[in-house]
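Residues in the sequence shown are numbered from 126 upward in steps of one, following the numbering used here.
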Amino acid sequence: MTRKERYKAVIDYFRENVPIAETELVYDNPFQLLVAVILSAQCTDKRVNMTTPAIFERYPGPEQLSGATFEELFPLIRSISYPNNKTKHLIGMAKMLMTEFGGKVPMTVEALVKLPGVGRKTANVITSVIDAQPNMAVDTHVFRVSARIGLTYKATTPLAAEKQLTEHIPSELVHKAHHWLILHGRYTCTARQPKCDQCGLTDYCKFFKQNQRKVEKTEQNSGD
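Below, the structure is given as structure tokens:
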């Protein structure tokens with residue numbers, strides 16, 4: 126199977142079986158999504174969704190959050206991973222939104238990465254989710270799943286994986302493919318014990334084929 130054939134097969138599978146693929150973060154506007162994504166770094170979406178309601182109630186927009194002190198905000202996110210850094214990032218992000226972007230979340234990766242706590246992955250999430258831009262956010266799930274299936278080849282960094290994925294996925298589907306891969310990695314192609322017996326992609330998956338050959342070889346050797 127060529128890489129082009131593999132991409133087509135995987136995309137066709139997801140389009141048919143997962144027609145609706147969205148972020149599991151709960152938000153009402155771009156500002157709330159930006160806060161949630163910053164908090165989600167190395168933290169589960171479930172934990173973030175438990176935390177953000179209190180933040181959004183007290184700080185409904187960047188104007189209010191920009192006036193928060195560390196001592197006021199920290200207790201609201203102390204259950205999140207790396208709360209010290211994220212408290213500083215959120216306040217700094219809100220201040221920069223007010224001073225440099227008129228209180229609005231910019232919609233380009235180049236502008237977003239200027240904000241405290243916002244790297245390329247976060248910027249890609251914001252622009253793809255809010256504006257359906259063809260930007261691929263490569264987190265641990267996307268990196269792992271795309272490599273296992275064989276969508277990426279010798280991609281040793283998230284940026285390398287991002288470039289390969291956006292090169293081969295139709296631009297109008299990139300924003301959705303991001304969620305396809307994340308959700309597949311979160312619930313099926315898990316890190317330690319992938320649920321290959323529940324996966325509909327085994328016919329196209331390099332990881333599954335390799336493991337299958339190993340099992341067959343072991344069984345053959347044990348029979349000898």
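Note that beta-carbon positions come from the ideal geometry of N, C-alpha and C, so glycine has one too.
- Residue 330 holds the alpha-carbon nearest to the alpha-carbon of residue 131 among 330, 317 and 337.
- Counting along the chain, no alpha helix (DSSP H) covers residue 238, and no H or E run does either.
- Within the stretch 293 to 327, the alpha helix (DSSP H) runs of at least 4 residues that lie entirely inside it are, in chain order, 299 to 312.
- With a contact defined as Cβ atoms closer than 8 angstroms, residue 290 and residue 276 qualify at about 6 angstroms.
- In this structure, the straight-line span from the alpha carbon of residue 160 to that of residue 194 is close to 16 angstroms.
- Of the other Cβ atoms in all chains shown, 16 or more fall within 10 Å of the Cβ of residue 176; this residue is therefore buried.
- In the DSSP assignment, residue 142 falls within the alpha helix (DSSP H) that extends over 128 to 142.
- In the structure shown, the three-state DSSP call for residue 286 is helix.
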